[in-house]
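Here's the structure we're looking at; comments come further down.
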Amino acid sequence: MDILVCVKRVPDTSENEIELNRAGNDINRDDLVYSVNEWDNYAVEEALRIVENAGGSVTVVTVGDEEAEEVLRREMAMGADKGLLLCDEAFEGSDGMGLARILKAAVEKGKYDLILTGAQADDGAGQVGGMLAAMLDLPFASLVNLIEVGEGKLKVGREIEGGNQEMNAISLPCVLSIQTGINEPRYVGIRGIRKVASVEIPRLGAGDLGLDAGKVGAAAAKVKRLDYFVPEMGAGAEILEGSTDEIIAKLLELLKAKGGLK
Amino acid sequence: MAQIFAYILHKNGVIDDTARELLAVARKIDASATPTALVLGAGSELASACAAAAGAYAQVWKVDNAALAYPNAEVVRKALVKLVPAGSIVLMAHEHFGMDLAPGLAIRMDAAFVSDLVDIEDLDGGLLKAVRQEFGGAVHSHVTVDLSTGAVITARPGSFQAKEEAAAGGQVADKSGAVEDLAGRRDFIEVVAAEVGDVDITKSEVLVSCGRGFEEQDNLAIAFELAKAMGADVSCSRPIVDAKWLEKARQVGTSGQTVKPKVYMACGISGSFQHMGGIKGNPFIVAINKNPKAPIFQVADVGIVADVLEFIPELTEKIKEGA
Amino acid sequence: MEPALLSPAAFKFFHVPAAFFAFLIPLIGIGAFLFIMKRRLDPLLKAAPDPRFGRIAQRVYQVLKIWLAQWRHPRYMTAGVLHILLFAGFLILGARSLELMFVGFWEGFTLPGFDGPLGHAYKVIKDYATTWVFFVVLIAAVRRGLFKPDRYAVPKRYGKDHTLEAIFVLGLIGTLVVSESLFDGSLLAAQIQQGHKAEFVAPATLAWFFRNLLADRPMASLQSLHIGSYFVHHLTFFFFLCFLPMGKHFHVITSLFNVFFMRLERGNIKPVRHGVSDAQLDELESFGVKRFEDFTWKHVLDFYSCADCGRCSDNCPANAVGRPLSPRFISIKGRDYAFANYPLLDPDVVKEADYQLIGTVYSEDEIWSCTTCGACEQECPVGIEYIDKIVDLRRGMVDSGNVPQSLQKPLGAMEKRGNPWGKMEKKRAEWTKALAPEFRVKDFSAGETAETLYFADSITSYDDRMQAIAQATARVLHRAGIDFGVLGKDEKDSGHEARRFGEEMLFQNLKASNTEAILASGARRIVTADPHAFNALKKDYQGLPPVEHISQVIVRAVKEGRLRLKPAERDGKVYTYHDPCYLGRHNDLYDDPRQALDAIPGLQRVEMLRSRDRSFCCGGGGLMLFYEPEEEQRMGVLRVQMAAKTGANVIVTACPFCLVNMEDAIKVAGLEGKMAAIDLAELIVGHLVD
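Chains as they are written, first to last, in numbering that gives the first Met the number 0: chain P, 0 to 261; chain H, 0 to 322; chain X, 0 to 689.
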């Protein structure tokens, strides 16, 4: 099975303190460190496991600037066979739909039986997988936490409310967006990345993909981010202050009033 | 102004809480809108769901089709594409079904798509200015959405206050004829229920809920002691279940259980929206967290900035003394 | 004068000279033994290199002390004394066995130089040796068979009980000494009967006992006994020789070599591959041990040398808390693998190729369970090493991407941010802000200079509680009048645990970055309060200024009068000092922290039963804080209970990780209010004369 996994380079919330910049209109990007979006990493691991069992290849693709190449290398160090960097000034400022359009063009340049995305990203909207499927007219399932490969189709589990799992049969080719926890991704250390450091990663721009530059990028975006902000904390909790004993006394009073103590 | 539709989630003939919240979303977009509820399904359960939706919406479109007995996003999308006029605005809840359906629907409708809104500020010309959260709620962002060719919008459950309006006495229009062949390439097989634990937190009146702040599995013992002293049950957030410290049945949140306690003690829980999405019924929320910036303090009624590992044993002690 | 009995060399079995058999048996026995040894050597020859042929004087010293003088044996008194007696017996009787081998076909043979007084003296000694070996064998058999000390038990997951093999070998040894004594005793009895001048025999020996027992037996029986016991001894001896390389008694042969080649340094970690420099690491195809043949030859020799005595596992904290690790079985499983995959009789069946050890011979959790505390290596009487094997197996797993999720986050964060929590670099020296009212801590990264560099390392820099150690350390340095600074944002994690968890390249990066920052700082010496950082900078880094632990600084400053300490208050506090593994066992710093404590006048201090080089690990530092092991209880809890048993109510440590684990364990053990933990530097600061 030939699998394409769409990945994204993001600031990892666990290794960054996401704060507003001084101007208060963007996050402070001075000290950010980036990694591959956590959900996408699970998707790549799942693709590798499918290929280890059923044969085939794994290609990882991302839309981004030159720095985005590092996440492709990381995923190739994990075991992906090929990387594909979709890179063009015309792509800058694309909204989700624009990204899906760029990815669609890349999908059509190759031949894939299965396309995986992460279910969401920390700075995203959980939209690209579903859009890409609709654009390609392929069946889609989101929040996938189980894949079993069958003949010409897959059995997929989706994470739904209450921790329940919705099982579906879905025909191939298809697009799936992967939920975390579907597997335990393997570790990639510095050594793994160095091993693939010299592998050539093809770059494709709008022209290579046969994309109309007017249909992607900021100009075509129907959704635009204006700024970042942190809302006033006005409506927040009443913070209990004082010594621990005083806090506990006040808390016990409140709990009694609200029926929290029996 | 384009017509606004709200996709209604329902189960066993009962509509989801988000049905009324979407009405609030519609009003925020256009105060004078008369949104139409879309209720798709099959059989008698559908009839009760439509009746319930008519209690909130003046207009209800019903689609009765055997293929819709279980809401399969692909099938529902096919039906909606046929049903909804071009240029409309479709609202739905940002949960697992909305995530499955909405992005593809936007493409099929050739409409704009924006997800997981927590607020809407204004509509200026064809541009909707709305609020989202990013980076796990660390920051908010303003986005503009071009509504000129219609839009699919998902709203975060619990973010928009449903107004308890008098029965709308809405009209139910049967649109079943508008959709015919709904066969798809994805077939629903079954729902595998999560393992049931030894406690049903959905029925608990008081919950002591544990999060990452407990640091290690062994420390959960102090939560159980507090719960015992309070006569409460112990629940938790997702990281605790992911670490296999507690069983799935104790997890509160959109991917866990939905609870309706009177008092909710959020201990060492940062308060992600996925977690808060599992808390209904407006309980009295006490947040204990050592990080004063934790989002939980924005939604809690009372906050205590302290390390749970130090504070809880003292609290337990005091409760025992008082008892 | 005719001999009283025909010697084996003169005896005939139905016209066939017994000498023929006496010659044939050693011929076959030695031939078979050499063949077996050749096969046993095969895996060593295929194994990874390890240059252990230097520092001969030190190695000979180790052999004299640990092998010949059995230095580590009395740490377990009963078994140790028994073994020393047995070992001495073996050495003494070795000469006699050699002599007996020739006696069978060489009438009147004596070892060169043994025909005079030396021979007579030797005879007395060997008769007593034979006798004590006999009694030791009896005692050992009763001990193994009836009393069954716990540490010999084989837990179910590791296979069948080993008692039978032990008893069988004791039986062989018993047979050897009894037959040897019968051989002598029967001759002595015959000599007396025939009125010969009986040779002197040492009283109360086995030979003496048999002489008296057989005094009135018919000559024919004595002749049969004499020849029979000779051949029983002969056969048993050569059977035993060939049986040694089949199991745990291989140590009889290999221990000499294993001790000769044992590690001479502690605290260090072997390079990924000997002979490959850090700069060449990228050229290696594979890292660590994945297949058996990736072990070094010394590590294979370790497997052969394990005597199954159980001392390592008895001291292993991971084993004590029910983690799936028992160092003894690291060795035994390795040995069994070698025997099974290099079979004696089918040399073509060498199953190596892509046979992965992890998941078959060793489990992942087993290998991640080790805290590298070094208690096992400290105890092993034959110099088996475990830490390098564990680290090499981890390197193999890391190279295969086989790393628990709980460890991936901190490793990734160290790569990106230089600390396992992923905290911002610029906040590394934030702990210094709280000191601002008293004094200002210099920051090399801001271009300041100082004579001494205080290397705090990650946990002390970022953890809310452990920052108190950083502040206390800084106060000690300040009050001792030392001109010091910190690296601030330029300090990265020392990488000590990254390396010991098998992430060598991450360690190399951290080392390169820290080395550059340290050298650029111009500091002339380094002080740290974190034994892991201390060990890393001393053993894992090269070319740095001298490194000291804060306890050494305290002791010197007190002696020189630069730090003055006020008396301990009479508040009923009883202190006990817990030796951090990387300060004590790995660096031999046992006395400085104790001297620092004792420098506080009137401080009441008690020792735990397990202290100094038998200290019990707190639970492990660094990445071990992130790893979620399967275990029945925490190491820290056991340790806190040990402290409570001594009557102490304050545990003093000199390591931030020990403090984390102890403070947690006190809560878990329900000893809050009854027991407290404090860092040495904090305690000293609390007793500084104002």
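For each residue, glycine too, the CB sits at the ideal point set by N, CA and C.
By a C-beta neighbour count over all protein chains shown, 10 Å radius and 16 as the cutoff for buried, is residue i buried or exposed?
i        : result
Leu679/X : buried
Arg439/X : exposed
Tyr60/X  : exposed
Met245/X : exposed
Asn24/P  : exposed
Ile188/H : exposed
Ala177/H : exposed
Met396/X : buried
Val307/H : buried
Could you give the distance in angstroms between the alpha-carbon of residue i and the alpha-carbon of residue j?
i        : j        : result
Glu37/P  : Ile114/P : 17 Å
Arg499/X : Gly620/X : 11 Å
Ser13/P  : Arg211/H : 13 Å
Met75/P  : Gly417/X : 24 Å
Ala528/X : Ala129/H : 52 Å
Gln216/H : Val304/H : 22 Å
Lys174/H : Val62/H  : 5 Å
Ala53/P  : Phe134/H : 36 Å
Pro579/X : Ile683/X : 18 Å
Gly703/X : Lys537/X : Outside the displayed span of chain X (0 to 689) sits residue 703/X, for which this structure offers no information.
Give a yes or no on whether the minimum CB-CB distance between residue i and chain H is below 8 Å.
i        : result
Phe139/P : yes
Arg416/X : no
Asn167/P : yes
Val320/X : no
Glu627/X : yes
Thr243/P : yes
Does chain P have any CB closer than 8 Å to the CB of residue i?
i        : result
Lys425/X : yes
Asp63/H  : no
Asn648/X : no
Lys261/H : yes
Ser208/H : no
Ile318/H : yes
Measuring alpha carbon to alpha carbon, tell me which of the options ends up nearest residue i.
i        : options                                : result
Val4/P   : Leu102/P, Leu225/P, Ile192/P, Glu199/P : Leu102/P
Gly266/X : Leu300/X, Ala374/X, Thr431/X           : Ala374/X
Gln407/X : Val215/P, Pro184/P, Pro201/P           : Pro184/P
His93/H  : Gly125/P, Arg72/P, Gly92/P, Ser93/P    : Gly125/P
Phe366/X : Ala219/X, Asp398/X, Leu410/X, Leu392/X : The sequence shown places Ile at residue 366/X, rather than the Phe named in the question. Of the candidates Ala219/X, Asp398/X, Leu410/X, Leu392/X, the one whose C-alpha sits nearest the C-alpha of Ile366/X is Leu392/X.
Glu503/X : Leu43/X, Asp539/X, Ser444/X            : Asp539/X
Lys565/X : Leu602/X, Val636/X, Gln594/X, Leu300/X : Leu602/X
Met264/H : Thr148/H, Ile295/H, Ala55/H            : Ile295/H
Ala57/H  : Ser47/H, Phe4/H, Val89/H               : Phe4/H
Quick one: does the C-beta of residue i sit closer than 7 Å to a heavy atom of the ligand MN?
i       : result
Ser31/H : Because no ligand of any kind appears in the structure shown, any question about the ligand MN cannot be addressed here.
Could you check whether the Cβ of residue i sits closer than 8 Å to any Cβ belonging to chain X?
i        : result
Ser13/P  : yes
Ala222/H : no
Tyr186/P : yes
Ala228/H : no
Ser197/P : no
Ala242/H : yes
Glu74/P  : no
Name the chain C residues whose beta carbon is nearer than 9 Å to that of residue i?
i        : result
Leu509/X : Checking the listed chains, one finds no chain C in this structure; the protein chains it contains are P, H and X.
Could I get the ranges of all uninterrupted beta strand (DSSP E) runs contained in the region 486 to 562 of chain X, with 3 residues as the minimum, in chain order? 524 to 527, 546 to 548
Residue ranges of each alpha helix (DSSP H) run of no fewer than 4 residues wholly in the region 313 to 373 of chain X, ordered along the chain? 316 to 319, 326 to 340, 363 to 367
For a minimum of 3 consecutive residues, which ranges assigned as the beta strand (DSSP E) are wholly contained in the region 176 to 231 of chain P? 222 to 228
Which runs of the beta strand (DSSP E), 3 residues or longer, sit entirely within the region 623 to 658 of chain X? 649 to 652
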